[in-house]
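Q: Residue numbers (this note's numbering): 3 to 347.
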Amino acid sequence: MEIKGKNLIKVILFVAVFGLMTFRDTGVFVKNFNLVKDGVEVAFNDGEVIDVIRSQGDKHFVKKHAEIFEVPFDALIVTRKAGQKYQAIDSARVLQAPNGQIIGRVNAGNILQILLEEEAYGFFEYDGGKKGYIYLDDLKQLEDVNLTKALSLTGEELDNGSAKLKLSEFGEVSIKNYLGGKYILVDGNGNEFVISSSKIRLATEEAIKEAANRSRVPSSSREKLVSFARSQLGKPYRYGSGGPSSFDCSGFTSYVYKNAAGVGISRSSRSQAGNGKFVSAGELLPGDLVFFNTSGRGISHVGLYIGNGQMIHASSGSNMKVIVSDVFSGYYKSRYVTARRILND
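1) Tell me the start and end of each unbroken alpha helix (DSSP H) in the region 246-313 that is at least 4 residues and wholly inside, in chain order.
2) Could you give the first and the last residue of the continuous alpha helix (DSSP H) run that contains SER198?
3) Look at LEU138 and GLY157 and say whether their C-beta atoms are less than 7 Å apart.
4) Going by beta carbon distance, what residues of the same chain come within less than 6 Å of THR150, once the five residues before and after it are set aside?
5) Mapping the DSSP letters down to three states, classify ARG203 as helix, strand or coil.
6) So, with DSSP's three-state summary, where would you put LEU138?
7) Please report the straight-line C-alpha distance between TYR241 and TYR257, rounded to a whole angstrom.
8) Can you find at least 3 beta carbon pairs, one from the region 269-283 and one from the region 320-327, that sit closer than 8 Å?
9) As a quick exercise: from VAL175, LEU306 and SER57, pick the residue whose alpha carbon is nearest that of SER252.
10) According to DSSP, ASN179 sits in a beta bridge with which residue or residues?
11) Does the distance from the C-beta atom of GLU171 to that of GLY309 stay below 7 Å?
12) Check this for me: beta carbons of LYS226 and ALA283, under 7 Å apart or not?
13) Just to check, is the beta-carbon of SER268 closer than 6 Å to a non-hydrogen atom of the ligand ADP?
14) Check for me: the alpha helix (DSSP H) holding ARG232 runs from which residue to which?
15) Looking only at C-alpha atoms, which of SER336, GLY49 and GLU72 sits nearest to VAL38?
16) Quick check on the burial criterion: 16 or more other C-beta atoms within 10 angstroms. Buried or exposed for ASN348?
17) I'd like to know whether the C-beta atoms of ALA152 and LEU204 end up nearer to each other than 7 Å.
18) Can you look up GLU212 in the DSSP assignment and give me helix, strand or coil?
19) ASN36 lies in the beta strand (DSSP E); which residues open and close that run?
20) Using the C-alpha atoms, what's the distance from ILE55 back to GLY192?
21) Quick check on DSSP: helix, strand or coil for PHE31?
Below you can see the structure in the form of C-alpha cells.
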C-alpha cells in the first residue's frame, strides 16, 4: 500500500509538471521596441530572435531573461512554430527516466511526438502509445516553419532570378523570415523573394480579411485627387500659404481636396486629423490623409497618400517644396501617427 501511495504521488507530480509545461515558438523583432515593466526599461532590438510563449489577438507574449513580456503584434513575426516533432537519426534508446533503464528502441527515421522536455532528454510518445525518454542528441528536430500573413504596400513585381512574384497593393503576402531590414516572402510554390520591410505592413487577421474583401482600385474621385496633387509637384513651401502658387502642408491638402473633390476640410494639420474617419495604416487608400509628429509635440505635418507607401506633401525640410516621400521608411517611418479617410467610397 505504501508503494502504491508513492507511485501515486509521482504520477500526480508528473501530471502537475507536465500541465505547466509550455512549448516555445520562435520569433524575430522587425523593429526596435522598448517597454517599461516594474519601473525597469526593457529593450528589444531590430533583428533580435526571441522565444514566443503565445500569440493572442493583437499581441505576443515573449520570454526574455526568464520574464514574460507583452509586445504588440507588429513588433515581431513568428518564424517557427513549436511543432514538437523529432526524427530518429539512428536507432535510439528509449529510457524509463533520464539516464535510466532502457525500455525500448526506436528505428532510424521514425517520427516522434515530444510531450515534455527535461534538460538533455525529451519525453516522447512512440509505437502507437508507448512513452519514454530519449536523449535529444540522438534525434533531429523537424522544423515547422511559420508563415506570417501581411499586406503589401506596393504593386511591384519581385524577381529572384528564377521566379517572379507580382504583388498587388494591399494584397496579402506570406512572410517567412526577416533579415537586416528586409522580409523574406514566399509564394505558393515555396519560392523566396526579398523585399524592404518598408513596403510590407503587418496587420491583424481582421484587417487582412477586410482588405481582401475590398476593391483596391481607386475610385474616380481618388484618381482625381492624386492626379491634381501631382500637378502641384515642385511648387514652393511657404508657411501659412494655402495656394495656388505656394503651400504649407495643411494648406496643400486642403487646396487639393477643395479643387479636386469639392470637399472642404480644416486648415491646420492637427485639426485635419479630426476630419473624416480613422483608417489603419494597413487599410490606406490613395487620397487618404496621413499625419506625423515632426515637432515632438503632437501632430504637426500632413500629406496626401498616393499608394505604394508614398505621399505627396508640402515639405518644410531641405526641399522646401511639394514632393513625393515614403511614408513607412526613412524620416517619416518613426514619426507616423495616424491616418484619416475623407472620401466615402
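Glycine residues also receive a C-beta, built at the ideal position from the N, C-alpha and C atoms. If you're wondering where the values come from, they're calculated on a predicted model, not measured in any experiment.
A: Taking the structure as given:
1) Within the region 246-313, the alpha helix (DSSP H) runs of at least 4 residues that lie entirely inside it are, in chain order, 251-263 and 271-274.
2) Note, SER198: premise wrong, no alpha helix (DSSP H); beta strand (DSSP E) at 194-198.
3) Annotated as distal: LEU138 and GLY157, with beta-carbon spacing of 7 Å or more.
4) Closer than 6 Å at the Cβ level, and outside the excluded window around THR150, lie ILE79 and ILE177.
5) strand
6) helix
7) 14 Å
8) In short, these stretches do not touch, since the Cβ pair count stays below three.
9) Of the candidates VAL175, LEU306 and SER57, the one whose C-alpha sits nearest the C-alpha of SER252 is LEU306.
10) DSSP output for ASN179 lists ILE186 as bridge partner(s).
11) For GLU171 and GLY309, yes; Cβs fall inside 7 Å.
12) no
13) The ligand ADP is not part of the structure shown, which contains no ligands of any sort.
14) 222-232
15) The residue with the shortest Cα to Cα distance from VAL38 is GLU72.
16) Summary: the structure shown does not reach residue 348, with the chain confined to residues 3 through 347, and so no result is reported for it.
17) yes
18) In the three-state scheme derived from DSSP, where H, G and I count as helix and E and B as strand, GLU212 is classed as helix.
19) 35-39
20) 27 Å
21) strand
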